[in-house]
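Novice: Have a look at this one.
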Amino acid sequence: MSIWVKETSFYKTFFRLTLMIALQNIITLGVNLSDNLLLGGYSESALSGVALANQLQFILQMLVMGAAEGLVILSSRSWGAKNMEAVKKAASIGMRIALLVSVVMWIVVLLLPEGCMSLFTNEERVIQEGAQYLRIICFSYVFFAVTNMLLASLRSVEIVRIGFIVSLSTLIINVCLNYVLIYGHFGFPRMGVSGSATATLAARIIETCIVIVFIKRFDRRLKLKLKDFYRVDKELFRQYLRIGSPILLANALWACAMATQSAILGHMGEAAIAANSVATTVFQLVTVITYASASATAIMIGKTIGEGHVSKIKTYSKTMQLLYLLIGLGTGLVLFVTKDYVTGLYAISDESKTLAVHFMTVLSITVVGTAYQMPALTGIVRSGGDTKFVLYNDFIFMWLVVLPASALCAFVFNFSPLITFICLKCDQILKCFVAIVKVNRFKWIRMFNNEANSADSSQNAAT
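What follows is the structure, encoded as structure tokens:
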């Protein structure tokens, strides 16, 4: 069997979805990058404080994205089967879960901003700057959840351009307001981190309004209405929990692991915090294609299974794996070539700049592993229905290997931040060996209860 798909439509769909989702992601990350650049020119303490405060935003983001991924897996199959009612019901369930998570996060952060910051660092100046930011930004959490669940519902039926429009508007608004409010231009007070938080909050509110207007006035495919969110199908809800709860838990563990990584580096000094902030932001920016390819994969695999074309999945997944490797090599090259130029844009200490360059050199190597294993496991395996595997895999590598070893490096053996950083990122290479075996055994396709496909489809899934 050929490892390359011969259908032109496969490549058109894959690259169309990947590029549109990547554009959305790159602009979304541009919001964080603009915060980093403008705050980096304001003060290193402000940059470090907001970087650590955004670890809480990252936890929320991962939880909301977990709810969204469960929605996409269910909805894309229903979309393939042309069952629009099931898509709407899945959207209702996903929205309820995302709202619950965002409201809980909002309350905790609003009541305990300093306590949340002290989890990541003991630097008093950094804690105060971060807490000041959190008191305002926490009000954006609910808007963030609503926007992303609506976009996930649209994405599951292959409507992706609105995500790009929303992200672009957010970037423009956020950059303009950041410039005005952080430094106090055009007669506005000089607000520092509070100005950055206010700018982001305003942008989040506006992006929610844009998505709602699009759904109400311009969407002709999904046709979501407010009343659709009042209905809950109990059987579909149980199915959503069965499929989505491992994703939600995996994302929660992953988000906590990333926060723990930041805490480990955060207790190694302000230079390590600033360097990690710079390196991580740039890394996220250049890996948008990787994460977009995982989202595109989930939609395509889910839709193909929903259409009953399970026999195509084997060739599709082999071709996708090769595409992931090409994406990883290109991303690693870009990261390596641009690392020195990027650090020159930040008003941080020479020690922080040197560390940031070293961190990005490490990431330019490990990103090849990330580009392969992440979409292979979260895109192919998850959308095939085996949602528990990624949970087990991440838990073993992150919580039983990487974090204990990194903590020993930082606090017991007193290794340098660079050695600790290498240890923190080594799982991105190690997971590749697991991904190769898991994906190419083709035992990850699961048929859901409402997909009583023919016996021969099940047989094809096992081959």
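Quick note: the sequence shown uses our numbering, first residue 6, plus one each step.
Glycine is no exception: its CB is placed at the ideal position from the N, C-alpha and C atoms.
As the structure is a computational prediction, the values presented were derived from the model and not from experiment.
Give the DSSP-derived three-state secondary structure of N458 in the structure shown.
Specialist: Its pLDDT being 42, under 50, N458 is placed unreliably in this model, and the coordinates cannot settle the point.
Novice: Please tell me whether K94 and R236 are closer than 9 Å, where the distance is taken between their beta carbons.
Specialist: yes
Novice: Looking at the structure shown, is G99 part of a helix, part of a strand, or coil, going by DSSP?
Specialist: If DSSP states are grouped into helix, strand and coil, G99 belongs with the helices.
Novice: Nearest to T23 by CA position, among F169, F144 and I210, is which residue?
Specialist: For T23, the closest C-alpha among the options F169, F144 and I210 is that of F169.
Novice: For T13, count the other beta carbons within 10 Å of its own beta carbon; 16 or more makes it buried, fewer makes it exposed. Which is it?
Specialist: Burial check for T13: the Cβ neighbour count within 10 Å stays below 16, so the residue is exposed.
Novice: Measure the C-alpha to C-alpha separation of L61 and L408 and round it to an integer number of angstroms.
Specialist: 18 Å
Novice: From which residue to which residue does the alpha helix (DSSP H) around P118 run?
Specialist: P118 to S123
Novice: I need the straight-line Cα distance from I269 to G197, nearest angstrom please.
Specialist: 26 Å
Novice: Helix, strand or coil, according to DSSP, for I450 in the structure here?
Specialist: strand
Novice: With a CB to CB cut of under 7 Å and the five nearest residues on each side skipped, what residues in its chain are close to V185?
Specialist: F191 and F193
Novice: Please return the same chain residues whose Cβ sits closer than 6 Å to the Cβ of T425, not counting the five positions on each side in sequence.
Specialist: S411, C414 and A415
Novice: Out of R160, S81 and A72, point me to the one whose CA is closest to Q26's CA.
Specialist: Contrary to the premise, residue 26 reads as Ile rather than Gln in this sequence. I26 has its Cα closest to that of R160, out of R160, S81 and A72.
Novice: Starting from the C-beta of I478, find all residues in its chain whose C-beta is less than 7 Å away, skip the five residues before and the five after it, and write them out in chain order.
Specialist: Any question about residue 478 goes unanswered here, given that the chain covers just 6 to 468.
Novice: At the level of alpha carbons, what is the spacing between A276 and R446?
Specialist: 45 Å
Novice: Once DSSP output is grouped into helix, strand and coil, what is the label at G75?
Specialist: helix
Novice: Between F15 and the rest of its own chain, which residues show a CB-CB distance below 6 Å, the 5 nearest in sequence each way excluded?
Specialist: none
Novice: Would you report the Cα separation of L258 and A264, rounded to the nearest angstrom?
Specialist: 10 Å
Novice: Beta carbon of G333, beta carbon of T295: below 9 Å?
Specialist: yes
Novice: Using 8 Å as the threshold, is the region 339-351 in touch with the region 281-291, meaning 3 or more CB pairs across them?
Specialist: yes
Novice: Touch check for the region 51-59 and the region 126-135: three-plus C-beta pairs under 8 Å?
Specialist: yes
Novice: If you reduce the DSSP assignment to three classes, tell me which class G200 lands in.
Specialist: helix
Novice: How many angstroms separate the CA atom of C121 from the CA atom of T309?
Specialist: 43 Å
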